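Asks: This is the structure I want to talk about, given as structure tokens.
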Amino acid sequence: MASPRPSVVFLLGCLSWLPAQNGVEVVEPELKAPRGKVLEWKSAQGKTYWYRLPKEIEPKVPPDLVLMLHGTGLDHRWSFANYPVAGEFRKRDIVVSPDGVTPGHGETFNFVQGPKDGEQIVGLIRDFKQRFPIGRVYLYGHSQGAFFCYWFAGEHPELIDGIVAHAGNVLDVKHGKLAKQKVAIGILHGRADAVVPVECAVRTEQIYREQGYEKLKLEIVDGLTEQSGHWPLPVQVAAMLEWLDQVSTLSAVQAVRSAASELQKAWPDLAVVAEQMAVARKLMAKAAEADKKVLPAQLDAIGKLIDRLALLHAEALLKEPAVSDPKAGYGAWATEFGLLDRAFAEHAGWKKAMSKPRDLAQKHDKLLEKAQKGLGKPSKDSRAAAVKALEDAFLARAADGMHGGLAKAVADAAEDELAQRLQALQKTRQEDRQAAKQAIALRQQGAIDELKTAWPELFPAAAADGK
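Residue numbers (our numbering): 168 to 634.
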């Protein structure tokens with residue numbers, strides 16, 4: 168079924184009553200950032216997003232992360248303009264409203280199903296989970312944002328717990344086993360919607376039901392006009408998100424499935440595997456008695472794989488002389504180390520083998536932190552120092568997060584030379600990151616294949632799993 172054409176008149180008209188953007192403070196997302204107010208930052212791709220932190224962040228009861236994705240012809244301001252995010256809406260959660268990366272109408276950017284837009288949302292989820300304690304992760308999408316939510320839930324079920332797809336349609340979506348078991352699918356639509364027909368919601372619900380999704384809900388809202396049928400629905404969206412809360416209880420079994428699902432990918436993210444393993448161990452005590460009989464052996468098998476991979480990758484990196492040289496400059500090894508250290512940060516063997524680059528990473532963190540503080544007093548010198556720090560502090564963990572905000576500051580100041588250096592730096596690092604992922608995946612594939620052979624119940628055939 169072809170994607171219905173959006174109502175350009177309606178969508179562009181909405182922009183006229185969005186709040187002025189220059190009234191929002193630009194603040195890096197971190198625990199000491201202001202609470203309960205709308206703030207602005209940029210993604211690693213350089214796209215502006217708004218976010219709001221809850222007034223209280225308690226690690227023992229972590230906030231959920233809700234990403235709100237706008238429709239065609241709009242931008243990151245839409246969600247905060249149409250939902251009381253600065254008030255009662257998900258007030259205990261972290262709410263993020265990004266832009267897409269695919270050019271749309273005028274100067275807007277859309278969320279389009281595919282790796283380009285997907286990579287930004289993956290990056291935002293991982294960035295916020297690195298910066299804050301996070302419970303569950305939800306996506307809310309309106310119109311084109313809803314189309315994207317369906318796609319993302321099929322591509323990355325290990326990263327999210329549920330979606331609310333409002334006024335959208337399901338197109339070219341994978342329906343893997345993990346998604347069917349884990350991801351809650353909330354479908355919301357106005358019956359009088361003149362932009363995306365309500366039949367799309369009915370058809371979508373039927374597809375997900377036939378696919379066997381365990382958590383599925385459809386709500387069609389009556390009493391709307393043809394124009395308002397495609398408009399925001401704060402009350403209904405809040406209620407649907409509350410339904411996600413009710414059905415998205417994480418379990419040890421689900422965490423093990425998420426880890427195994429990640430290992431089936433062409434380029435598995437070992438940090439996701441390690442994170443899900445930690446969750447599984449934490450929730451073991453609450454598992455059903457039948458699950459307690461099989462989970463320990465599964466955890467042990469994946470745990471031994473993690474041990475093997477930590478030492479395998481450490482051995483490979485140590486063959487590069489620069490890894491043991493604190494004075495060495497940036498090289499391909501640095502990107503590999505950065506990706507792997509996220510996964511093995513708590514692994515004793517990895518920490519011992521990688522002690523020198525880990526010490527260097529701490530120094531780079533301090534260098535970047537100093538540069539970040541310097542930006543508190545904006546000047547050409549502080550911006551130049553920050554760009555230099557990004558170039559030099561190549562192992563700093565916060566580099567991607569800082570890059571976006573600095574790019575905006577440099578662009579606003581019209582400092583072309585600094586902007587060109589930043590663009591060149593980002594291009595090089597992104598290309599190296601892709602090459603590093605390939606090298607890591609190739610090196611570890613044999614060990615993962617052995618685990619798949621030994622534990623077929625954890626790794627269903629790719630065809631059967633929709634991968």
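By construction, the Cβ of each residue, glycine as well, lies at the ideal position given by its N, Cα and C atoms.
Remember, it's a predicted structure, so these values are computed and weren't measured experimentally.
1) Taking 7 angstroms as the limit between beta carbons, can you name the residues of its chain near V446, skipping five residues before and five after?
2) To the nearest angstrom, report how far apart P173 and V461 are at their CA atoms.
3) Which same chain residues, not among the five before or five after L625, have their C-beta less than 7 angstroms away from its C-beta?
4) Take the Cβ of T502 as the centre, count every other Cβ of all protein chains shown within 10 Å, and call the residue buried at 16 or more, exposed below.
5) Is A211 helix, strand or coil when you go by DSSP?
6) Where D632 and P623 are concerned, what is the direct C-alpha to C-alpha distance, given to the nearest angstrom?
7) Is DSSP giving T392 helix, strand or coil here?
8) Could you spell out the range, first to last residue, of the beta strand (DSSP E) harbouring S246?
9) Within the segment 550 to 617, note down every full alpha helix (DSSP H) run reaching 4 residues or more, in order along the chain.
10) Distance, Cα to Cα, Q444 vs G470?
11) Based on DSSP bridge pairs, tell me the residues matched to A351.
12) What residue does the alpha helix (DSSP H) around H480 start on, and which one ends it?
13) Are the CB atoms of R219 and K204 nearer to each other than 8 angstroms?
14) Give the DSSP-derived three-state secondary structure of W500 in the structure shown.
15) Buried or exposed, going by whether 16 or more other CB atoms sit within 10 Å of the CB of K209?
16) Would DSSP call L236 helix, strand or coil?
17) Between Q280, V233, L241, V279, which lies nearest to R257 when the distance is taken from Cα to Cα?
18) Closest to Q587 by C-alpha separation, out of E598, A574, Q597, would be which residue?
19) Which of the three DSSP states is assigned to V340 in this structure?
20) Taking 8 angstroms as the cut-off, decide whether the C-beta atoms of G541 and A528 are in contact.
21) Does P300 come out as helix, strand or coil in the three-state DSSP assignment?
Replies: With the given structure in hand:
1) L417, A422
2) Unreliable positioning characterises P173 in this predicted model, as indicated by a pLDDT of 36, which lies under 50. The coordinate reading is nonetheless provided below. The alpha-carbon atoms of P173 and V461 are separated by roughly 50 angstroms.
3) A427, Q465
4) buried
5) coil
6) Residue placement at D632 cannot be trusted, given a pLDDT of 44 that sits under 50; the coordinates are not used to answer.
7) coil
8) Here S246 belongs to no beta strand (DSSP E); instead the alpha helix (DSSP H) covers 244 to 249.
9) 566 to 579
10) The residue asked about is misnamed: residue 444 is Met in this sequence, not Gln. Approximately 8 angstroms, taken between the alpha carbons.
11) G329
12) 456 to 485
13) yes
14) helix
15) buried
16) strand
17) V233
18) A574
19) Note: V340 maps to coil in three-state DSSP.
20) no
21) coil
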